[in-house]
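One structure below.
In the working numbering, the protein residues as written are 10 to 386.
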């Protein structure tokens, strides 16, 4: 389709002329990966991909077509992906590389081109989600900055949205350690909009940060507990007994890894009412308790993202690929640990969805979290 090819190539002037005829258009063709002709060059992709269920804006995100993204954001921001697709990526994140079970054509295409690094994009993903899955820090920042110009009523449907795997944007972000400084920049907005969410599986931001060994995110979330209302919410979220999971047991199993040992320190101090300093946006708190010194934690590599480079061409932005969980999974032979860390498959999700007891449990916990979080807002 010529419209989608214009979006891939960032043909901005032509796009502005044809936009009114193509806004909201959805890719209907079958999934495909092709080598582009010698006349075509892309900003960041070496393949011409046909991605069913995608819009022009989504293609622009995939191909780092920044001008096109800016042009189409206001018209297509609220459209989510219609199908599951696998998109080749420059770096590997095994947490986004779900096993391809029912997508034989996609698997064969990836094999044909010897693609080893890819991201599985679940159905019902937003363009903000897409920028996280594909490690597009500039576009993630751009999309959020645009969302700040919208009213609360306008952004509410988008920020209370979850994809096929029952994850919202903040939960996906926790799987992407290299975005941590971007998270800090937008933390107040993301936390106020999405921190209270918990999926039918019991997954929530606090538990995911602990389970995945993402120390920086977990430390930030625990710092919110200086506010008693967030403390109540985090207590509920870390109590996973209803889902046959135990945070203490997870930390015990992963104790050989420094990130998990640091999380264990935070976890233990949390239940002793000792928290890291709160973020400035949380304000002066009457209930603020003692602060934890960073000296009690083991040294770990930090993720670097230089915001002075944020205005440079996308291709020049380098995000340090730090993902301790990916490194762990690459060498891990323990099937029990692999099962614990990797996202569950679609069959497991269907089991939860069809089980009325889990639906009732999820509803009850959602009502409890909403009651607490409404106090915070």
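Built from N, CA and C at the ideal position, the CB exists for glycine as well.
Next on the checklist: Quick check for students: name the residue ranges of the alpha helix (DSSP H) that lie wholly in the region 75-123, counting only runs of 4 or more.
Outcome noted: Listed in chain order, the complete alpha helix (DSSP H) runs (minimum 4 residues) inside the region 75-123 are 75-85 and 113-121.
Checklist entry - Which residue or residues does DSSP assign as beta-bridge partners of residue 207? => result Secondary-structure assignment with DSSP links residue 207 through a beta bridge to 213.
Checklist entry - Where does the unbroken alpha helix (DSSP H) through residue 23 begin, and where does it stop? => result Membership of residue 23 in the alpha helix (DSSP H) is indicated by the continuous run 21-31.
Checklist entry - Skipping 5 residues on each side, what residues in its chain have a beta carbon closer than 7 Å to that of residue 43? => result Excluding sequence positions up to five before and after residue 43, its CB lies within less than 7 Å of the CB of 56 and 57, all in the same chain and listed in chain order.
Next on the checklist: Buried or exposed for residue 87, going by 16 or more other Cβ atoms inside 10 Å?
Outcome noted: When all chains shown are included, residue 87 counts as exposed.
Next on the checklist: Just to confirm before moving on: does the CB-CB distance between residue 213 and residue 268 stay below 9 Å?
Outcome noted: Cβ atoms of residue 213 and residue 268: not closer than 9 Å.
Item to check | Option in 75, 71, 84 and 67 with minimal Cα separation from residue 91 | outcome: With respect to the C-alpha of residue 91, the residue from 75, 71, 84 and 67 having the closest C-alpha is 67.
Next on the checklist: Whole angstroms are fine: how far does the CA of residue 168 sit from the CA of residue 37?
Outcome noted: Each residue's alpha carbon lies about 27 Å from the other.
Checklist entry - Residues bridged to residue 130 by DSSP? => result DSSP lists 94 as partners of residue 130.
Checklist entry - Taking C-alpha atoms, which residue in 118, 133 and 206 lies nearest to residue 372? => result Comparing Cα positions, the closest option is 206.
Checklist entry - Counting Cβ pairs closer than 8 Å, one from the region 64-78 and one from the region 132-143, do we hit at least three? => result Below 8 Å, enough C-beta pairs join the region 64-78 and the region 132-143 to call them touching: three or more.
Checklist entry - How should residue 208 be labelled, buried or exposed, when 16 other C-beta atoms within 10 angstroms of its C-beta is the threshold for buried? => result A buried status is given to residue 208, since no fewer than 16 other beta-carbon atoms sit within 10 Å of its beta-carbon.
Item to check | residue 120 classed as buried or exposed, judged by whether at least 16 other C-beta atoms fall within 10 angstroms | outcome: Residue 120 sits exposed, since fewer than 16 C-beta atoms from the chains shown fall within 10 Å of its C-beta.
Item to check | Whole-angstrom distance between residue 75 and residue 61, CA atom to CA atom | outcome: Roughly 21 Å between the two C-alpha positions.
Checklist entry - Closest to residue 83 by CA distance: which of 252, 159, 229 and 280 is it? => result The option with the nearest alpha carbon to residue 83 is 159.
Checklist entry - What is the DSSP secondary structure of residue 67, counted as helix, strand or coil? => result Residue state, collapsed to three classes: helix.
Checklist entry - Where residue 246 and residue 381 are concerned, what is the direct C-alpha to C-alpha distance, given to the nearest angstrom? => result For residue 246 and residue 381, the distance between alpha carbons rounds to 12 Å.
Item to check | Limits of the unbroken beta strand (DSSP E) element including residue 57 | outcome: From DSSP, the beta strand (DSSP E) with residue 57 extends over 57-59.
Checklist entry - For residue 42, which residues does DSSP report across the bridge? => result Answer is 58, bridged to residue 42.
Checklist entry - Going along the chain, which residues of its own chain have a beta-carbon closer than 7 Å to the beta-carbon of residue 228, five neighbours each way excluded? => result If we look at residue 228 and ignore the five residues flanking it on each side, its Cβ neighbours are 275 and 285.
Checklist entry - DSSP three-state call for residue 227: helix, strand or coil? => result Helix at residue 227.
Checklist entry - How do the region 43-52 and the region 90-106 stand: do at least 3 beta-carbon pairs fall below 8 Å, yes or no? => result At 8 Å Cβ cutoff, the stretches do not touch.
Next on the checklist: Determine whether the beta carbon atoms of residue 130 and residue 78 lie at a separation below 9 Å.
Outcome noted: Pairing residue 130 with residue 78 gives a Cβ-Cβ distance that is not under 9 Å.
Checklist entry - With distances taken from CA atoms, which of 251, 252 and 277 is nearest residue 261? => result Closest by C-alpha distance to residue 261, out of 251, 252 and 277, is 277.
Checklist entry - Can you list the alpha helix (DSSP H) stretches of 4 or more residues lying completely in the region 164-198, in chain order? => result Taken in chain order, the complete alpha helix (DSSP H) segments of 4 residues or longer contained in the region 164-198 are 178-183.
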